[in-house]
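Q: Per the numbering used here, the sequence shown runs over residues 22 to 150.
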Amino acid sequence: MVLGRCYNDVCEVNELEPFDLSQEVVEIATDRLAENIVLLDLQEQAILTDYFVLMTCNSARHTEALAYDLEMLLDQKGCKLLHSEGVPISGWVVLDYGAVVIHLFQEEQRDYYNLENIWSRASQVVRIL
């Protein structure tokens, strides 16, 4: 069990190690037809998280369904969501699991915020187009 940081008195408790959790997210996103999935290793670049998983969804409905599936499937594996931010219609939803932060974008918002460029010094562990 991995214990980590807390948010609003909810502490990170994950049954999976951060890298294993990030790999699980990539697998779920792939199975649920997310596009342009990128796993960034931020361990040498940031202190608040170890990994970002970025993905593009094709609609607000796709974003909502994928966010729900991620939360439910990860919960079944003993990983508790610390915090979520954004709504599907905005084009960007963030799911914070402490050591792993998941970004679900629609294409326009992904291009606009360009997190891969902001975190360009991070190692790209996985890229699935």
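Beta carbons are placed, not taken as given, at the ideal position from N, Cα and C, and that holds for glycine.
Since A108 contacts V114 with CB under 8 Å, what's their CB separation in whole angstroms?
A: Looking at the sequence provided, one finds Val at residue 108 rather than Ala. Confirmed, about 7 Å.
Q: Near E128, which residues of its chain fall below 6 Å by C-beta distance, leaving aside the five closest residues on each side in sequence?
A: Here the set comprises T77.
Q: Suppose you measure from the CA of Y137 to the CA of A67; what does that come to, to the nearest Å?
A: As written in the sequence, residue 137 is Glu, which differs from the Tyr given in the question. Roughly 14 Å between the two C-alpha positions.
Q: Select from G112, G119, V121, L95 the residue whose C-alpha is nearest the C-alpha of Y133.
A: If we check each option's Cα against that of Y133, G112 comes out closest.
Q: I'd like the list of long-range same chain contacts for Y118, defined as Cβ closer than 8 Å, with 5 residues on each side in sequence excluded.
A: For Y118, where only same-chain residues beyond five positions count, the Cβ hits under 8 Å are E33, N35, L42, L95, C100, K101, L102, L103.
Q: Can you look up Q130 in the DSSP assignment and give me helix, strand or coil?
A: Helix.
Q: Given L63, which residues of its chain have a CB within under 7 Å of its CB, disregarding the five upstream and five downstream residues?
A: Counting only Cβ-Cβ distances below 7 Å, and skipping sequence neighbours, we find T70, D71, Y72, F73, W140, A143.
Q: By how many angstroms is the C-alpha of L91 removed from the C-alpha of E85?
A: Going from the Cα of E85 to the Cα of L91 covers about 10 Å.
Q: Do you know whose CA, among V146, K98, R131, lies nearest N79's CA?
A: The residue with the shortest Cα to Cα distance from N79 is R131.
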